[in-house]
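See structure below.
Residue numbers (mature numbering (1 follows the signal peptide of the UniProt record, and there is no 0)): -18 to -1, 1 to 590.
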């Protein structure tokens, strides 16, 4: 029996007739990587990169050095190398992606392996209390960065978010950035709003196939509550929809897979150096000009000198960390660590992130099909089925907590029809942090607070660049407890779904959480208990190198992403975003990469 159609085998780069051999390969791969994830221990620091040589070796002289191949950096390297007369060096601390991380349903295991830096927060007093106050803070460490380990939801945010961003930063309104979203996108959404989507870009966007019957129940319930069916990346964001994902034929498409495809990587003017850990940017203290990047590769220390610019795209944690080790950051903090001060800027401050609440599960009378692992692999190789979605968030809705004259949502609701991905033959980790296990027919609703008051910070633990930074998320710690109250009000909104005819028809029955059984089920005290125990950051961070009109207002970069007071240095990733967005961060990060590439091309005379 033939198990699948013609499939491009990325492992060996040839087209073969897919039979038992290929299914055997993926079955063995999945089982082996799951076993490996169960015992993998994250390094406590970056000491494995520490070089043997004290005096750096000159790597070369390059026009542009891009630091980090994540959501933004992959885009920048791709776009700048379009000019064959420019040389571009892309430095990435991690390695290549793999056939395993390409399988969306392996999301939890991938994030438990070397593709993730494995950061954690400093001890928190107001959140993650079921985890002893230590919140995980996963960040991608491979080509593709966090798009190699995330849940792949494509959600740009609300038009008014960008208009707010542009109030003090000209050129960042929704009308300014929409063309860049469209430029990147290759949409396969059949119900997208006209004029909001691109169809020839590098980045694939599609729905999960097949759609669970429970998702249509979720959409019907929202319609009963007056929330229309929408394209949330289109004209209106208040309503419900099937989720849009950055997958291609059901396989993860990271920013690296999208923007650094083989034809791009074959450009003679583009050099990609993996396993290259950047320790600092070298800056002439007299002229305040960035002139080189110092990094370790295979335990050898190098410097890459530049002719034109350095673009720092190491992310919400990595970019401020590298800047501070380079002498750019809060003066007092650098002074305490004996780091020579090059420029006093509020680097690492103002970190914003969404807040997430997972503890809403229910049963129903609708049952999704259950497949063996081999059956699921066969479906995956043909572009559909349970392995083609990460956390199975097939439905999505955006709510407001109160009626007011705005179209900006306060709350995102993610609908998971079946927890976990409905396969048998392997054990799915799910939310391991609570050591919970779910029946294959339990559904889940995840609540995301989009505009929390809380602000955290990234700061250094040492002047040794191989020591990891500290991440103080400060989640749920705002003085007025507004974030806790907002999540509770969000839960009340979600509970309205259970009173709809659509949910009653499927006998949707809320399940009590064993963490707070000493409180009356569904009472305010019950939900408040769960919020404090389980709510945590959504890993949608920004603001740690925020854009603004002047350093005196907390800004690190200007509206062209140039670091204040330093020549030849820009930051381009989510760390520059000064406002919370009503969406996920990978799409805006790629837009930032597109935008800064055009700024650079214009400044250097490549476009007019």
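Idealized CB from N, CA, C, for every residue including glycine.
Inset, instruction - On a CA-only basis, which of 335, 469, 323 and 348 is nearest residue 393? Give me that one, please. - result: Mapped onto the chain shown, residue 393 falls at position 411. It is 469.
Legend entry - Assigned secondary structure, residue 120 (DSSP; H/G/I helix, E/B strand, else coil): Here the question's residue 120 lines up with position 138 in the chain shown. Three-state DSSP puts residue 120 in coil, outside helix and strand.
Legend entry - Candidates 222, 204 and 203, of which the one nearest residue 212 by Cα: Stepping through the chain shown from its first residue, residue 212 is reached at position 230. Ranking 222, 204 and 203 by Cα distance to residue 212 puts 222 first.
Inset, instruction - Mind checking who residue 249 pairs with in its DSSP beta bridge? - result: Locating residue 249 in the chain shown gives position 267, counting from the first residue. Paired residues: none, contrary to the question.
Legend entry - Three-state secondary structure assigned by DSSP to residue 426: The sequence position of residue 426 within the chain shown is 444, counting from 1. The answer is strand: DSSP assigns residue 426 an E or B state.
Legend entry - The beta strand (DSSP E) enclosing residue 223, as first and last residue numbers: As a first step, residue 223 is located in the chain shown; it is residue number 241 there, counting from the start. It spans 221 to 224 - the beta strand (DSSP E) in which residue 223 sits, taken as one unbroken run.
Inset, instruction - Identify the continuous alpha helix (DSSP H) that holds residue 243 and give its terminal residues. - result: The count along the chain shown starts at 1 and reaches residue 243 at position 261. First-last for residue 243: undefined, no H or E at that position.
Inset, instruction - Under 8 angstroms Cβ to Cβ from residue 389, same chain only, skipping five residues before and after it: list those, please. - result: For the purposes of this step, residue 389 is taken as the residue at position 407 of the chain shown. For residue 389, same chain residues with a beta-carbon under 8 angstroms away, outside a window of 5 residues either side, are 140, 141, 142, 218, 219 and 220 in chain order.
Inset, instruction - Kindly confirm or deny that the stretch 505 to 524 and the stretch 244 to 252 touch, where touching means at least three C-beta pairs closer than 8 angstroms. - result: no
Legend entry - Close beta carbons around residue 630, own chain, < 7 angstroms, minus the five adjacent residues each side: Residue 630 is absent from the model: the chain starts at -18 and stops at 590.
Inset, instruction - From the DSSP output, read off the bridge partner residues of residue 283. - result: Looking up residue 283 in the chain shown gives position 301. Residue 283 is bridged to 278.
Inset, instruction - Check whether the Cβ atoms of residue 291 and residue 550 lie closer than 7 angstroms to each other. - result: Looking up residue 291 in the chain shown gives position 309. Looking up residue 550 in the chain shown gives position 568. For the pair residue 291 and residue 550, the CB atoms are nearer than the 7 angstroms cut-off.
Inset, instruction - List the endpoints of the continuous beta strand (DSSP E) containing residue 159. - result: One-based indexing of the chain shown puts residue 159 at position 177. Unbroken run through residue 159 is the alpha helix (DSSP H), 156 to 166; no beta strand (DSSP E).
Legend entry - Assigned secondary structure, residue 82 (DSSP; H/G/I helix, E/B strand, else coil): Reading the chain shown from its first residue, position 100 is the one you call residue 82. Here residue 82 sits in coil by DSSP.
Legend entry - Three-state class that DSSP yields for residue 452 in the structure shown: Mapped onto the chain shown, residue 452 falls at position 470. Residue state, collapsed to three classes: strand.
Inset, instruction - State the start and end residues of the unbroken beta strand (DSSP E) segment that holds residue 339. - result: Sequence index remark: in the chain shown, residue 339 carries index 357 (1-based). Under the DSSP assignment, residue 339 falls in the beta strand (DSSP E) whose first and last residues are 337 to 345.
Inset, instruction - Drop a sphere of 10 angstroms on the beta-carbon of residue 486, count the other beta-carbons inside from all chains shown, and report buried for 16 or more, exposed for fewer. - result: Taking the chain shown and counting its residues from 1, the one referred to as residue 486 is at position 504. Exposed, since its Cβ has fewer than 16 Cβ neighbours within 10 Å.
Inset, instruction - For residue 418, I'd like the list of residues in its chain whose CB is within less than 6 angstroms of its CB, leaving aside the five on either flank, ordered along the chain. - result: In the chain shown, counting from the first residue as 1, residue 418 sits at position 436. With a pLDDT of 38 at residue 418, under the threshold of 50, the modelled position of that residue is not reliable, and the figure given next carries that caveat. Taken in chain order, the list of residues that qualify is empty.
Inset, instruction - Output yes or no for whether 7 angstroms exceeds the beta carbon distance between residue 189 and residue 234. - result: What you label residue 189 is simply residue 207 of the chain shown in a count that begins at 1. What you label residue 234 is simply residue 252 of the chain shown in a count that begins at 1. Not a contact, by the Cβ cut-off of 7 angstroms.
Legend entry - Euclidean distance between Cα positions of residue 380 and residue 176: Start at 1 with the first residue of the chain shown, and residue 380 comes out as number 398. Start at 1 with the first residue of the chain shown, and residue 176 comes out as number 194. Approximately 20 angstroms between the Cα atoms of the pair.
Legend entry - Straight-line Cα distance separating residue 138 from residue 570: The residue labelled residue 570 in the question sits at position 588 within the chain shown. The residue labelled residue 138 in the question sits at position 156 within the chain shown. Residue 570 and residue 138: Cα-Cα distance of roughly 6 angstroms.
Legend entry - Contact under 7 angstroms by Cβ, residue 79 with residue 130: Residue 79 sits at position 97 when you count from the first residue of the chain shown. Residue 130 sits at position 148 when you count from the first residue of the chain shown. Yes, they are a contact pair.
Legend entry - Nearest-angstrom Cα separation, counted from residue 480 out to residue 277: Mapped onto the chain shown, residue 277 falls at position 295. Mapped onto the chain shown, residue 480 falls at position 498. If you take the alpha carbons of residue 277 and residue 480, they lie about 54 angstroms apart.
Inset, instruction - Could you tell me if residue 163 is buried or exposed, where buried requires 16 or more neighbouring beta carbons within 10 angstroms of its beta carbon? - result: Within the chain shown, residue 163 is the residue found at index 181, counting from 1. Answer is buried; the Cβ neighbour count reaches 16.
Inset, instruction - Starting from the C-beta of residue 69, find all residues in its chain whose C-beta is less than 7 angstroms away, skip the five residues before and the five after it, and write them out in chain order. - result: Taking the chain shown and counting its residues from 1, one reaches residue 69 at position 87. Excluding positions up to five away in sequence, the list reads 44, 45 and 251.
Legend entry - Through-space distance from residue 6 to residue 310, alpha-carbon basis: Within the chain shown, numbered from 1, the residue matching residue 310 stands at position 328. Within the chain shown, numbered from 1, the residue matching residue 6 stands at position 24. Cα-Cα distance, rounded: 52 angstroms.
Inset, instruction - Taking 8 angstroms as the threshold, find out whether the stretch 545 to 563 comes into contact with the stretch 32 to 40 through three or more Cβ pairs. - result: no
Legend entry - Chain-order list of residues whose beta-carbon lies under 6 angstroms from that of residue 8 (same chain, five-residue window excluded): Here residue 8 is taken as the residue at index 26 of the chain shown, counted from 1. Excluding positions up to five away in sequence, the list reads 359.
Inset, instruction - Confirm, please, whether the CB-CB distance from residue 363 to residue 434 is below 7 angstroms. - result: Position 452 of the chain shown, counting from 1, holds the residue named residue 434. Position 381 of the chain shown, counting from 1, holds the residue named residue 363. Not in contact: residue 434 and residue 363 (Cβ atoms no closer than 7 angstroms).
Legend entry - With 16 other Cβ atoms within 10 Å as the buried cut-off, status of residue 12: Here residue 12 corresponds to residue number 30 of the chain shown, with the count starting at 1. Counting Cβ neighbours within 10 Å, residue 12 comes out buried, since at least 16 surround it.
Inset, instruction - Please say whether residue 261 and residue 447 have beta carbons closer to each other than 7 angstroms? - result: One-based indexing of the chain shown puts residue 447 at position 465. One-based indexing of the chain shown puts residue 261 at position 279. Closer than 7 angstroms, so yes.
Inset, instruction - Please state if the CB of residue 71 and the CB of residue 253 are separated by a distance shorter than 7 angstroms. - result: Within the chain shown, residue 253 is the residue found at index 271, counting from 1. Within the chain shown, residue 71 is the residue found at index 89, counting from 1. Contact flag set, yes.
Inset, instruction - Can you have a look at residue 269 and say buried or exposed, based on whether 16 or more other CB atoms are within 10 angstroms of its CB? - result: The sequence position of residue 269 within the chain shown is 287, counting from 1. With fewer than 16 Cβ atoms within 10 Å of its Cβ, residue 269 is classed as exposed.
Legend entry - Selection from 263, 307 and 344 that minimises the alpha carbon distance to residue 287: Within the chain shown, residue 287 is the residue found at index 305, counting from 1. Closest by alpha carbon: 263.
Legend entry - Close Cβ partners of residue 482 (< 7 angstroms) along its chain, the five nearest in sequence each way excluded: Indexing the chain shown from 1 puts residue 482 at position 500. Around residue 482: 203, 206 and 207.
Inset, instruction - Determine the DSSP secondary structure at residue 381, reduced to helix, strand or coil. - result: In the chain shown, counting from the first residue as 1, residue 381 sits at position 399. If DSSP states are grouped into helix, strand and coil, residue 381 belongs with the strands.
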